[in-house]
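Here's the structure we're looking at; comments come further down.
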Amino acid sequence: MTISLQFAPVAGRARAINVRMYRELADSLRYIGETVGDDVAFDEGALRSLCEALVSGEAPDPLVFALYYQLVFAIADEDAGLAVDLLDRIVSLQPLAESEIRILGEDLGMERSALYARLVEENEPLRFDVAQPPEDAVAAFRQVLPAAMQLVEAAAPDLASEIRGLARQIVLVGQGPEHEAIFDGGSHFQIWNALFLNIQRPHSRVALAEVLAHETAHSLLFGFCIDEALTLNDEDSNYSSPLRHDPRPMDGIYHATFVSARMHWLMERLLATDLLDDHEREEARIALERDRENFEAGHAVVAEHGVLTETGAQLMSGARAYMDAAPGEAVVPEPDRAKATS
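In this text, residue positions in the sequence shown follow this note's numbering: the first is 289, and each later residue adds one.
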């Protein structure tokens, strides 16, 4: 299955990436089952059924991906007991029939929440202290999230399709008192189809729309890495990043650069409509300028130091071409050509 590397959102691309990811997971689980079958007792029939469902395109619970990676680590450590427990948990999880919004903590499950929080924090130099959000913040955020998605749907329906496809499980999180850095949202390649939103951050519908574009762009890049990485730079080599206070690996700088272009793309689309009031237009205009500055700063580092694969080069070339062609603030079109349909 060929997956488009076009920079702009593509209808159906998220589903195509999901299908590839699910099938790759099925192949890996089958291999693990065949490899450890004589040494580890597990429900082979249940594993076979799960793999068949994955191959058919049925969306698994994102926890299946997270536990799969833990399983790989357990096998590498020759921890047969843990491997059995993980296999049992993997095959016991029900598919995710519909997209859902969950809350970190008791709603999501304490054990799952702890694993998710640990992965989101992984490799971050400053602690986020990901925590269960306060109830009043949850109630307020549940009003803003639909408004932000409606805005994206009206201005950029193909992007809305990618967001819905890649973020099948949205997890609402907060930050504890021991946090050292602020974050708006997050994703992780080991928790495919999950997206984390920090609901204690102030979110207008424009700002949240940009966060959704931001985080799903990261997920999109993870999905493009099924066959090869984006960069070939040494993972232990860090580069001065204009986008962060601390030096970062090239892959992180690459991600931030591409993501900045996608955020710019959405802000441009919003400014090309009459969907925003004057305050929101100014908010989007400021974001547009910030996204361009961040892209140019990151692209300079990638251009000078990045060793890109064919996939990485093609994707970044598309982002560069878009930014070169993008005008300044767009002119508001006639209402009958850009009016919200909701």
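A virtual CB, placed ideally from N, CA and C, is assigned to each residue, including glycine.
Name the DSSP beta bridge partners of Ala482, please? Gln457
Run through the region 363-423 for me and flag every whole beta strand (DSSP E) of 3 or more residues, listed as ranges in chain order. 388-391
Where Thr519 falls: helix, strand or coil (DSSP): In this structure, Thr519 counts as strand in the three-state DSSP scheme.
With 16 other CB atoms within 10 Å as the buried threshold, where does Arg415 fall? exposed
Between which residues of its own chain and Leu454 is the CB-CB distance below 6 Å, once the five residues before and five after are set aside? The residues are Ala302, Thr504 and Ser507.
With DSSP as the reference, label Pro445 as helix, strand or coil. In this structure, DSSP gives Pro445 a helical state, which the three-state scheme calls helix.
Helix, strand or coil: how does DSSP classify Pro535 here? coil
Rounded to the nearest angstrom, what separates Leu338 and Glu388 at their Cα positions? 21 Å
For my contact list, Pro535 and Tyr527 are in at a C-beta cut-off of 8 Å; report their separation, rounded to the angstrom. 6 Å
Flag this pair as yes or no: are the beta carbons of Arg493 and Ala436 separated by less than 8 Å? yes
Stretch-stretch touch, CB-based, cutoff 8 Å, three pairs: the region 585-598 with the region 459-475: No, they do not touch.
When you compare the region 575-582 with the region 547-554, are there three or more beta-carbon pairs, one atom per stretch, that lie closer than 8 Å? The region 575-582 makes contact with the region 547-554, as at least three CB pairs between them are under 8 Å.
Look at the alpha carbon of Thr323 and the alpha carbon of Ala495, and state the distance between them as a whole number of angstroms. 48 Å
How should Asn411 be labelled, buried or exposed, when 16 other C-beta atoms within 10 angstroms of its C-beta is the threshold for buried? It counts as exposed.
C-beta contact flag for Val259 and Pro421 at 8 Å: The first residue shown for the chain is 289 and the last is 630, placing residue 259 beyond what the model contains.
Can you tell me which of Glu516, Arg569, Ser525 and Val589 puts its alpha carbon nearest to the alpha carbon of Gly600? Ranking the options by Cα distance to Gly600, first place goes to Glu516.
Below 8 Å on the Cβ atoms is my guess for Glu312 versus Ile514; work out the distance and round it to an integer in Å. Sure, about 6 Å apart at Cβ, within 8 Å.
Just list the residues that DSSP pairs Asn526 with in beta bridges. Pro537
Pick helix, strand or coil for Gln463, following the three-state DSSP scheme. strand
For Ala341, tell me which candidate among Ala385, Val432, Leu355 and Phe429 has the shortest Cα-Cα distance. Checking every option, the nearest Cα to that of Ala341 belongs to Ala385.
With burial defined as no fewer than 16 other Cβ atoms inside 10 Å of the residue's Cβ, what is the status of Phe361: buried or exposed? exposed
When Leu500, His491 and Gln488 are compared against Ala482, the one with the closest alpha-carbon: It is Leu500 whose Cα lies nearest to the Cα of Ala482.
Return helix, strand or coil for Gly511, following the three-state DSSP convention. helix
Please list the segments of the alpha helix (DSSP H) lying wholly inside the region 543-629, counting only runs of 4 or more residues, in order along the chain. 566-593, 598-613 and 623-626
Among Ile487, Glu441 and Ala419, which has the Cα closest to the Cα of Asp432? As written in the sequence, residue 432 is Val, which differs from the Asp given in the question. Comparing Cα positions, the closest option is Ile487.
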